[in-house]
Amino acid sequence: MGKILLSNSTEIFNKMHESYRKVGFRISFFENEEKRNISCYKKIYIDNENVWYAEDGTAVISVGTFIYKNEIGSKALNLFYRDFQKEGIEARKRADGIFALCIHNKNKDLIFTDIDGKYAIYYYMDDDKYIVSCSYAHIQEYVHMPVNEYAMMEYSMQECIWGKDTPIKNIYRLESDQLLICKENLKVVEDASGQICVGLIEEKSGSIDNLCKYMREKADCYNKLFEKRSVCMTGGLDTRVVLAAMISKQEKSSIISWQGRGHVFNSQLEDRVCCKNISEKCGLPFKTVEFEPFYKMCEDSVYYERMGELAFIYGGNKTYQQLMENGNGSDYMTFGFLGESLRSNDALDKVYHTPFPMEEYVDKFYLKGQYKTFVENWDAYRDYVLKKIKMRAIKLGINIENMTQKECMLLDYYRRVRCDTDQAKIANIYRYSTLLSGEPLVRLESLRISYNQKSKAHLQLQCIQNMRPDLMEIPVFSHCRYYPINKKILEIETNAKQEKIIRLKDQVDQWGKQYFPLMYGRLFGFYLKLKTSYNGNSLDNDSMEYYIDYIRENCHNKKILYMLSHLNTKKWDDIAKILCTLVYIAKK
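Pasting the structure below:
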């Protein structure tokens, strides 16, 4: 990241600033005045440049990983400010990375994120004070706001929160089409400059050659800027596409494969076998990490003080946090997240038809209704979610009466930005981190390519074949099963027996929801999910009892909300059930 902090309350600012310094953040910029305080911090692992001073006294500050015209640090900030003076924040559409920028001068601070809002900035304001920070949990320690019930439910069940809300009322996330202006008070301004919308993705047809060209260019940029690079991989195609781009010119990147029991960790032994085979074939360094299934988050953990709610990824597993901290000795770490725009979506294909209105998108694709029987106020919760998604869709130019598959995937990309960027944000606290599939030119070109071309991983395999064909020799392991690659037609092949089982389960799901919703939701559906579970439960009984006891003893302590929210999995409904009731417990 490292971090950024602003507040007009000198008392709160000094306390937060001191807490950040105690856990390893080094100051790169600091001004402490009455009614206007700002500090910015370097990354913990590397000595990065994230401040540049213009001749007029303006300070241009970045947090996260900011790449502009293939430069980082002060060079990138200098180049950006020149363009900013002519174009305003429209210039950010040419920037890569995951970042927020602050333009600081004697009159005001102007804060905005990358064009997709991948980097999270949070703010709170009332009649007397405002606080801007990278963590809503840290802000909450000084404002003591109640839980936002519906936002917490959405975070628990859908793994993201649409819009500006956070799990805490009156603490908001800065959206990609907004600016913050900080003086003695705080102002939020709407500005959609640079947004990728329907008009842009339908402007012309996408090209596989162009997509691969952009991927190689971005990967070449990473390879030149960062000396030691690591790719966190599974056996699937999202990370393999990223690796193919990173080593397309025989460059070296280390592969990291982690393993942990349970769906929370989302990694299996077969994933590691695939990664090991890839490392051996390409002559790449290979690191393995084991996560223990039993874990408890230490209350006074240094990780919480560093990153707030992000400390509870994987339930606050300490081994995971240590991996992110040491990063395999790399100064750059990346992942396969946001690769969904390169492939079709099986869940969407099952429910899509024409016309496909926004209501069906929300009910059948986003919410899916799998937790409906556990939530008493489901209709009100559904309306809360629908309103927010509809608002974003209209801003993007989506026809909410009849959504195309491209429009569905454009909207789904913004959902993924909210639920699949946390690991890159953690990595950015210590070192540089970006997501190749989320770079503006890459994702724009991928969204322009027709949806049908992405079926059966055709587009992803074309990219791999184009950039690093030897990676086609190793089968794909995804969603708990192997897929051989048909190199002639560039598609993954499915086993006939597996397909029959999948179709049967889908049919049982459909009948259960239609004819026996109560029984299905509470008994039969849960039984099916446990029966087909490959890794088993993520938490053993002792762990579960520990967390339940902790809730009872510390229901006033909001930290538990962030911890348990990251234990949610679609494979174990009991966790979501606990989370749905947790809001009520915490409010009493």
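Going by my numbering, the residue at position 101 of the sequence shown is 110; the numbering climbs one at a time, nothing skipped.
Note that CB positions come from ideal geometry on N, CA and C, so glycine has one too.
For residue i, would you say it is in contact with chain D, using Cβ-to-Cβ distances shorter than 9 Å as the test?
| i | result |
| --- | --- |
| Asn-337 | No chain D is present in this structure, which holds just one protein chain. |
Taking 9 Å as the threshold (C-beta atoms), are residue j and residue i in contact?
| i | j | result |
| --- | --- | --- |
| Gly-11 | Tyr-50 | yes |
| Gly-345 | Arg-440 | no |
| Cys-169 | Arg-427 | yes |
| Cys-221 | Asp-479 | no |
| Glu-199 | Asp-218 | no |
| Phe-374 | Val-360 | yes |
| Tyr-194 | Met-134 | The identity of residue 194 in the sequence shown is Asn, whereas the question assumes Tyr. Contact: yes. |
| Gly-336 | Tyr-54 | yes |
| Tyr-370 | Met-412 | yes |
| Ile-81 | Glu-58 | yes |
| Ile-130 | Ile-13 | yes |
| Arg-425 | Trp-171 | no |
Could you give the distance in angstroms between the alpha-carbon of residue i and the alpha-carbon of residue j?
| i | j | result |
| --- | --- | --- |
| Gly-33 | Asp-65 | 32 Å |
| Tyr-139 | Leu-86 | 26 Å |
| Glu-150 | Gln-414 | 42 Å |
| Ile-473 | Val-298 | 26 Å |
| Phe-121 | Leu-189 | 7 Å |
| Ile-47 | Glu-184 | 21 Å |
| Asp-92 | Arg-238 | 30 Å |
| Tyr-164 | Lys-497 | 42 Å |
| Ala-436 | Asn-326 | 15 Å |
| Tyr-90 | Phe-39 | 20 Å |
| Glu-318 | Val-141 | 15 Å |
| Arg-45 | Lys-396 | 35 Å |
| Ser-18 | Lys-192 | 12 Å |
| Lys-381 | Ala-254 | 42 Å |
| Val-152 | Asn-495 | 57 Å |
| Tyr-341 | Tyr-159 | 36 Å |
| Asp-137 | Ser-16 | 11 Å |
| Gln-94 | Ile-70 | 15 Å |
| Glu-385 | Met-161 | 15 Å |
| Leu-376 | Pro-364 | 19 Å |
| Lys-52 | Lys-196 | 28 Å |
| Lys-31 | Ala-228 | 35 Å |
| Phe-486 | Ser-288 | 15 Å |
| Ser-83 | Tyr-77 | 10 Å |
| Leu-489 | Gln-277 | Reading the sequence as shown, one finds Cys at residue 489 and not Leu. Going from the Cα of Cys-489 to the Cα of Gln-277 covers about 8 Å. |
| Lys-630 | Ser-442 | Any property of residue 630 remains undetermined from this structure, which presents the chain solely from 10 to 597. |
| Glu-96 | Trp-387 | 45 Å |
| Cys-143 | Ser-310 | 18 Å |
Taking 6 Å as the limit between beta carbons, can you name the residues of its chain near residue i, skipping five residues before and five after?
| i | result |
| --- | --- |
| Asn-79 | Cys-230 |
| Pro-493 | Pro-484, Glu-502 |
| Ser-464 | Ser-353 |
| Leu-532 | In this prediction, Leu-532 has a pLDDT of 46, which is less than 50 and means its spatial position is unreliable; nothing more can be read from the coordinates. |
| His-362 | none |
| Leu-247 | Checking the displayed sequence, the identity of residue 247 turns out to be Asp instead of Leu. Once the five neighbours on either side are set aside, the close Cβ partners of Asp-247 are Gly-345, Gly-348. |
| Gly-406 | Cys-206, Val-207, Gly-208 |
| Asn-232 | Glu-260 |
Report back the beta-carbon spacing between residue i and residue j to the nearest angstrom; my notes put them in contact at under 8 Å.
| i | j | result |
| --- | --- | --- |
| Leu-107 | Thr-74 | In the sequence on display, residue 107 carries Ile and not Leu. Yes, Ile-107 and Thr-74 are in contact; Cβ-Cβ is about 6 Å, under 8 Å. |
| Leu-444 | Thr-430 | 7 Å |
| Glu-454 | Gly-215 | 5 Å |
| Ala-104 | Val-72 | The pair is not a contact, with the Cβ atoms about 13 Å apart (cut-off 8 Å). |
| Arg-315 | Ile-438 | 6 Å |
| Met-476 | Met-224 | 7 Å |
| Leu-293 | Ser-262 | 6 Å |
| Tyr-329 | Ile-322 | 7 Å |
| Asp-123 | Arg-101 | 7 Å |
Could you name the residues of the same chain whose beta carbon sits closer than 7 Å to that of residue i, not counting the 5 residues immediately before and after it, in chain order?
| i | result |
| --- | --- |
| Ile-409 | Pro-366, Met-367, Lys-399, Ala-402, Ile-403 |
| Gly-447 | Asp-125, Lys-127, Leu-347 |
| Leu-499 | His-467, Leu-470, Gln-471, Gln-474 |
| Ala-68 | Phe-38, Val-60, Tyr-62, His-113 |
| Gln-462 | Leu-468 |
| Ile-36 | Ser-48, Tyr-50 |
| His-26 | Leu-14, Ser-48 |
| His-147 | Met-25, Gly-317 |
Which same chain residues, not among the five before or five after residue i, have their C-beta less than 8 Å away from its C-beta?
| i | result |
| --- | --- |
| Asp-372 | Gly-378, Arg-391 |
| Cys-284 | Met-242, Thr-243, Gly-244, Ile-264, Ser-266, Phe-295 |
| Leu-456 | Ile-205, Ile-210, Gly-215, Ser-350, Lys-415, Met-418, Leu-419, Tyr-422 |
For residue i, is the beta carbon positioned less than 8 Å from some heavy atom of the ligand ZN?
| i | result |
| --- | --- |
| Glu-42 | Judged by which ligands are present, the structure shown has none, so any question about the ligand ZN falls away. |
Exercise for the section: Enumerate, from N- to C-terminal direction, the unbroken alpha helix (DSSP H) stretches of 4 or more residues contained entirely within the segment 370-447. Expected result: 387-404, 414-428, 431-439
Practice task
Could I get the ranges of all uninterrupted beta strand (DSSP E) runs contained in the segment 169-193, with 3 residues as the minimum, in chain order?
Solution key: 180-182, 187-191
Practice task
Tell me the start and end of each unbroken beta strand (DSSP E) in the segment 16-85 that is at least 3 residues and wholly inside, in chain order.
Solution key: 36-42, 45-50, 60-62, 68-77
Handout entry: Runs of beta strand (DSSP E) lying entirely within the segment 135-175, each at least 3 residues, in chain order
Key = 139-142
Exercise for the section: Please go through the segment 195-261 and give each complete alpha helix (DSSP H) segment of 4 or more residues, from N-terminal end onward. Expected result: 207-210, 217-234, 246-255
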